[in-house]
Amino acid sequence: MTHLLAAPIIVPALAAALLVILHRAPIEVKRAIGMGATVAVASAALAIFSETRSGTPLVYRLGDWPSPFGIVLVADHLSAFMLLLTASLALAVLLYAVQGWDTRGKLFHPLFLFQMMGLNGAFLTGDLFNLFVFFEILLIASYGLAMEGLEVEQLRATLHYAAINIAASSVFLIAVSLMYGVMGTLNMAHLAERVAEVRAEDVGLVRAAGLLLLGVFAVKAAVFPLYFWLPAAYSHAPAPVAALFAVMTKVGVYAIIRVTTLIFTGGEDGVMELTSPWLLPVALITLTFGTLGALGAQRLATMTAYLTIASIGTILTGVASGGEGLAAALYYLAHSTLIIAVLFLVADLLSRSRGAVGDQLHPGPPLRQAVPLGLAFLFGGATVAGIPPSSGFLGKLMILQSTMDGMMVIVVWVVILVTSVLTLVTCSRAGSIVLWNYIEPDQLAHDRPPRAGEWIALAALTGCSMGLVIFAAPVTHYTGEIGAQLTSPGSYIHAVLGSGQDDFIRPHAMDRVR
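Shown next, in the form of structure tokens:
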């Protein structure tokens, strides 16, 4: 048992607690602690990624309690992939934030680290109750981060966002309680075994608990029709916070993938198959509404928030296709996380360079750094629309190729291709207004111009996005390995329970069910 798995949770938690104690310390001290902790978490994520390359999941049992009685952390291919993606995003976003955004609130750095703790914990936990706990940690931290600055619109959007998520968390707790009451366990590997053995009279209750869980995850992922909280919350959040939020909706997607491939995999006669009737239609509707929302947006940040929703629809289209579609969806997940963060940061730089006009889609004053800002927006818009040879193009192409069979193939192709064209129109319209339509040509904007650190952070994210194209073959090979491991969860179950422990606990656990 390696203690390495605890590092992505313990390190940000301890650093955040230290920052709360040192809340009166100079900002340079806070930045050093925050950046040091983030680098340490990124190093741990890279080490975990390397350790899991063999295909054997890593397991860490807190207090060395045997599963399913104790708290367990598990890192398989999917967990390691999400940890590394989150750490890469957090490093770039924090570098951007320390150029001045972090001075707007005294608790920016501890909240940032608590959010990392919640994100990493959600990806590593091996049981449903601790998934609920880590969801709450990351959400509470996100409420604080979203309110940094305390403007009226910001506060209103955050309260709306908090109310929706508190309601969803209540449903989550009900679903977890129902699941434990019927199954006698919340350990996900143990549930995977128990679901296949559930009695006929309990099938309805387990399906109800599963559907409640998926409903909660759909809220977190901003799936149609539960996405209405996202555009205001993300578009009014500070730019680096909104960029970090690019991975927040992916936590909901991660949870949907985890429970549907591990727990609700069909069972005997498919009685536990919960997603096949509705996931693909909902994904396509989410993609359509997200794209239409972006087309009608009047601000760059709002446009990007709706593109976040559209990206969730594209990812779930791949997930619903299964097999190669799952691998394609994970490639697209990495692409969309990086490029949405890029667009939020570019929207901030453009907004600050346009004075009072901000990021509204109206003509403004000439930009001081029009060429690099224009190139950054051009790159983000072309990539999110899926112009060849961007990572967005490769991701969508792989999803389309994975849906060559089935009754819905024509619908999937039409929706993805049409929404791609509409996204290109949306970004072209926004770019033409912001970059080429000027008013008062003699007056330059006088807001704070982009700093070198902000350009470096933006370059790092765009570099990662370009890396997905340059190293497309090894990346897609790895996402294929993730998909294969998810569709054959035996190694995950065996790593968590172990054959000897499973034989030992089974009689006791079954007694609780009967």
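The opening residue of the sequence shown carries number 466 in our numbering; numbering runs sequentially from there.
Beta carbons are placed, not taken as given, at the ideal position from N, Cα and C, and that holds for glycine.
- G755 carries a helical assignment under DSSP once its states are collapsed to helix, strand and coil.
- Within the same chain, and ignoring the five residues on either side of F600 in sequence, the residues whose Cβ sits closer than 8 Å to its Cβ are G583, A587, S634, F637, K685 and V716.
- Apart from sequence neighbours up to five positions away, the residues of its chain that approach Y943 with a beta-carbon distance below 8 Å are H542 and F546, ordered along the chain.
- For the set P746, F594 and I631, the Cα lying nearest the Cα of S607 is the one of I631.
- Here the alpha carbon of H655 sits roughly 7 Å from the alpha carbon of I958.
- Note on geometry: alpha-carbon atoms of L795 and L548 lie some 13 Å from one another.
- For L589 and Y699, the gap between their C-alpha atoms comes out near 25 Å.
- In the structure shown, L523 falls within a strand segment according to DSSP collapsed to helix, strand and coil.
- In chain order, F573 place their CB closer than 6 Å to the CB of D567, counting only its own chain and leaving out the 5 sequence neighbours on each side.
- The beta carbons of A792 and P522 sit about 18 Å from each other, so the pair does not count as a contact at 8 Å.
- Put simply, the segment 547-565 does not touch the segment 611-625. Fewer than three CB pairs are less than 8 Å apart.
- The criterion of a C-beta distance shorter than 8 Å is not satisfied by L933 and A806.
- If you draw a straight line from the Cα of L651 to the Cα of F936, it comes to about 38 Å.
- In the displayed model, N652 falls within a strand according to three-state DSSP.
- Here L760 is not near T782, since their CB atoms are 8 Å or more apart.
- Per DSSP, A510 is one residue of the alpha helix (DSSP H) stretching across I492 to E516.
- By the Cβ criterion, the segment 829-837 is not in contact with the segment 878-893, since fewer than three pairs of Cβ atoms, one from each stretch, lie closer than 8 Å.
- Contact fails between the segment 502-510 and the segment 526-533, because fewer than three Cβ pairs, one in each stretch, are under 8 Å apart.
- Sixteen is the threshold: when 16 or more other Cβ atoms of the shown chains lie within 10 Å of the Cβ of P954, as they do, the residue is buried.
- Within the DSSP bridge table, the entry for L538 names Y525 and T590 as partners.
- Between L826 and A770, the C-beta gap is not smaller than 8 Å, which leaves the two residues out of contact.
- Listed in chain order, the non-local C-beta contacts of E919 below 6 Å within the same chain comprise Y561 and Q564, local neighbours out to five positions each way being set aside.
- Q825 is bridged by DSSP to R764.
- Taking all protein chains shown into account, M581 has 16 or more neighbouring C-beta atoms within 10 Å of its C-beta and is therefore buried.
- Going by beta carbons, L484 and P575 fall inside the 8 Å limit.
- Here Y645 is not bridged, per DSSP, to any residue.
- When DSSP states are grouped into helix, strand and coil, Y903 belongs to the strand group.
- When DSSP states are grouped into helix, strand and coil, D870 belongs to the coil group.
- CA-CA distance, L739 to A821, rounds to 49 Å.
- DSSP places P939 in the helix class (H, G or I) of the three-state scheme.
- DSSP places A697 inside the alpha helix (DSSP H), whose first and last residues are L695 to H701.
- Distance from the CA atom of E789 to the CA atom of I639, rounded to whole angstroms, is 34 Å.
- Going by beta carbons, V524 and V504 fall outside the 8 Å limit.
- Comparing C-alpha distances from G528 to each of L578, A490, V494 and T467 shows the shortest one belongs to T467.
- Residue environment: H701 is assigned as buried (16 or more neighbouring CB atoms within 10 Å of its CB, all protein chains considered).
- A residue is called buried once 16 or more other Cβ atoms fall within 10 Å of its Cβ, and V886, having fewer, is exposed.
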